[in-house]
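Asks: All letters in the sequence shown, in the order written, are residues 37 to 582 by the numbering used here.
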Amino acid sequence: MKIGPKIGSIAGGVFFILLLSGYSSFICVQDLIGSNKTAMKTVKTLRELENILGRVADLESNGRGFVLSGDKDFIQQHDASLKEVGDSIATLNELTKDEPERARYLQELLPLIQNKVEFCKVLMSTMRLKGAAEAMALFKTERGRILMDEIRHKVSYRVELEEDVLQQQIANSKATANNTFFAAIAGGILALVFVSLWSFIIIQGLLNPIQRLGRAMEKAGAGRFEPVTGIDARDELGDLASTFNNMISGLRRMEETYIGNNGNSPVHALGLVRQHAHAFGFVINDLLEASKQLSNGFEGQPEELQMSLEQIRTLSKQSKETCDLIDEISQSLIRSDELRRTGHRTLDEIDEQVNRVLTEADSSVQRVKGLAERIHDLDGLSVIMDDMANRVGILSMSSQIEAKKGGGSFEAFADEMKDLSERMRQESVKVKHLLFTMERTIYRAAGDNEQAQEVMRKAITVIGQLHNRLDSLLEPITEAGSKARSLEERLERQKHQIMEFQHTLERANLTSEQKQFFIKQVNSTAQEVNNFGSELSHLLEKPSAS
């Protein structure tokens, strides 16, 4: 899984946990609302039971007052109380229509109330039609009192039950409120635990590969090109490890191609070659002096000897030019070595830039801090690149010396110098391709995070500086290869001139002793040319100092 989806899974998990917590809280709130509605209905039922009991009592009092006093005002009060009793019965029917238990109780209570109402109506009618005596006799039967006592008993019993139900509903509401609170708290704690645990797992999954990559880069910076192992992650770090291993493989191939088991500084090797070139020039000068002495003692063929002397002078001049050309090649390689040394200061500046980039990164980039640490290790990569260019520059001469050791002529040296620039260009293209692959890997790791992309752009700038460093290290080698072609042409011309001079000596009218002396000088010159190859082969036997 890529780093982006891993971080997204944290957000998804938190969202799912909060969704569950919210759903649980919603259910609890719904229960709480239902409990409150039921409690309100119970309260209204209690209120109406108390109202109906009081209104029935008022109905009875108005009837009794009318019988005892005969005041007709009690008739109006009686009718008003009768209407209120009807309203209370209608309210109770409405409150209990959805609750069978309460509806059954109301059906038991209503007949008693209706009987009480009928008794009061009969009492009032008897008072109006038959007089006080008949009404008093009916009142004294105590039927009204008995009905009223039964109504009070029924209402009191139901009130006690409703109060118990109300207390239970209040307790349920409190429990539901507590459950809602605990559900919200538990959801928050669970989300925090999930984020912490999953973040720890992700960070560990990032740190371990980064540590392995860091150790591998340190080894590569020290010249030990070992691939990184133990990174099986299918994310940007896995891609980076694969790219790093490809780069290490390329560096090892370059090391095997250009370095082998021996390595001498090209500056040191060219210094020895330059010494032999100067020795070659001294022999040519000796040959010139010997030719002058011979020309003073011969008069037979002055034009032919004069032509030979001119050829010798030309050889002497070209030998000096050859020495100068070798000096120029040596200076180019010395400049490459100076660039390598000054490159370390550039790498320090790059390291400071990377540190500033990491300082500017925000907390979102820090959550994927393995990515920033990977960018921080790019200075190790720059060291590898610098070391690679240095080693290729230093040890490319070894491949040339190997060719000479195998019996090749001195032209092999010039041929190898001529091909060195092309080989360096090809290998640098491979390494640059690996760097561009790392750029794409870093861009994919950055994702859509704007600040992380800003950090990546600065890191790519650092990689661009590494490209420039590689080009600057390659330039002196390319220049040296170009001059090596000129050296090859000069050496070829010198060989032909020596051969022509030998033919001229053979045609000259000289005594055997003079000819042997002269030919001895020419042979020593040719022998010194061959000493280039033998001395270069002898360099292989010396320990490497580079």
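Ideal placement from N, C-alpha and C gives every residue a C-beta, glycine not left out.
1) Please classify ASN98 as buried or exposed, where buried requires at least 16 neighbouring CB atoms within 10 angstroms.
2) Kindly list the residues whose CB is nearer than 6 Å to the CB of GLU120, restricted to its own chain and excluding five residues on each side of it in sequence; keep chain order.
3) Please check the pair SER71 and ALA220, which I expect to be a contact at CB under 8 Å, by giving their CB distance rounded to whole angstroms.
4) Determine the DSSP secondary structure at PHE102, reduced to helix, strand or coil.
5) On the DSSP letters alone, give me the boundaries of the alpha helix (DSSP H) that ALA139 sits inside.
6) Give the single residue among GLY274, ILE225, ALA213 whose Cα lies nearest to the Cα of LEU600.
7) How would you label HIS532, buried or exposed, when you count the other beta carbons within 10 angstroms and need 16 or more for buried?
8) With a CB to CB cut of under 7 Å and the five nearest residues on each side skipped, what residues in its chain are close to VAL50?
9) Determine the DSSP secondary structure at PHE218, reduced to helix, strand or coil.
10) What three-state label does DSSP hand ASP123 in the structure shown?
11) So, under 8 Å CB-CB, SER117 and LEU95 are touching, yes? Tell me the CB distance rounded to an integer number of Å.
12) Cutting at 7 Å between CB atoms, please list the residues of its own chain near GLY266, excluding the five before and the five after it.
13) Leaving out five residues before and five after THR132 in sequence, what residues of the same chain have Cβ atoms less than 6 Å from its Cβ?
14) To the nearest whole angstrom, what separates the beta carbons of THR162 and GLU170, a pair I think is in contact under 8 Å?
15) Excluding sequence positions up to five away, which residues of its chain have a Cβ less than 8 Å from the Cβ of GLU198?
16) For LEU417, collect the residues of the same chain with a Cβ closer than 6 Å to its Cβ; drop the 5 residues on either side in sequence, then sort them by chain order.
17) Relative to the C-alpha of CYS64, which residue among THR212, ILE43, LEU202, MET172 is closest?
18) Would ILE69 be called buried (16 or more neighbouring beta carbons within 10 Å of its own) or exposed?
19) How big is the Cα-Cα spacing for ILE187 and CYS156?
20) Could you tell me if GLU272 is buried or exposed, where buried requires 16 or more neighbouring beta carbons within 10 angstroms of its beta carbon?
21) Between GLU254 and LYS42, what straight-line distance do the alpha-carbon atoms span, to the nearest angstrom?
22) Assign PRO136 to one of two classes, buried (16 or more other C-beta atoms within 10 Å of its C-beta) or exposed (fewer than that).
23) Let me know if ILE225 comes out buried or exposed under the rule of 16 or more other beta-carbons within 10 Å of its beta-carbon.
24) Identify whether LYS190 lies in helix, strand or coil by the three-state DSSP scheme.
25) Using the three-state DSSP reduction, which class does LYS176 fall into: helix, strand or coil?
26) Could you check the C-alpha separation between THR216 and ASP134 for me, to the nearest Å?
27) Using only CA atoms, which one of SER235, ALA252, THR74 lies nearest to ALA47?
28) Can you tell me whether DSSP reads PHE110 as helix, strand or coil?
29) Using CA coordinates, which residue listed in ILE88, ASN281, LEU276 is at the minimum distance from LEU146?
30) Are LEU650 and LYS152 closer than 7 Å when you measure CB to CB?
31) If you draw a straight line from the alpha carbon of ALA75 to that of LYS190, how long is it in whole angstroms?
32) For ILE88, which of helix, strand or coil comes out of DSSP?
33) So the candidates are ASN282, GLY101, ILE149, GLN204; which of them puts its Cα closest to the Cα of SER124?
34) If I'm right that VAL103 touches LEU159 with Cβ under 8 Å, what's the distance once you round it to whole angstroms?
Replies: Straight from the coordinates:
1) buried
2) ARG91
3) Incorrect: roughly 18 Å between the Cβ atoms, too far for contact.
4) helix
5) 136-165
6) Residue 600 cannot be examined here, being either before or after the span of the chain that is shown, 37 to 582.
7) exposed
8) ALA227, PHE230, VAL231
9) helix
10) In the three-state reduction of the DSSP assignment, ASP123 falls in the helix class.
11) 4 Å
12) ARG248
13) ARG138, ALA139, LEU142
14) The Cβ separation is near 5 Å, so the contact holds.
15) THR78, THR81, LEU82, LEU85
16) Any reading at LEU417 must be qualified, since the residue scores a pLDDT of 44, below 50, and its modelled position is unreliable; the value itself is stated next. Hits under 6 Å: none found.
17) THR212
18) Counting Cβ neighbours within 10 Å, ILE69 comes out exposed, since fewer than 16 surround it.
19) 14 Å
20) buried
21) The straight-line gap from Cα to Cα measures roughly 29 Å.
22) exposed
23) exposed
24) helix
25) helix
26) Each residue's CA atom was taken as its position, placing THR216 and ASP134 some 28 Å apart.
27) Checking every option, the nearest Cα to that of ALA47 belongs to SER235.
28) helix
29) ILE88
30) Coverage of the chain is limited to positions 37 through 582, which leaves residue 650 absent and any answer about it impossible.
31) Their Cα atoms are separated by approximately 21 Å.
32) helix
33) ILE149
34) 6 Å
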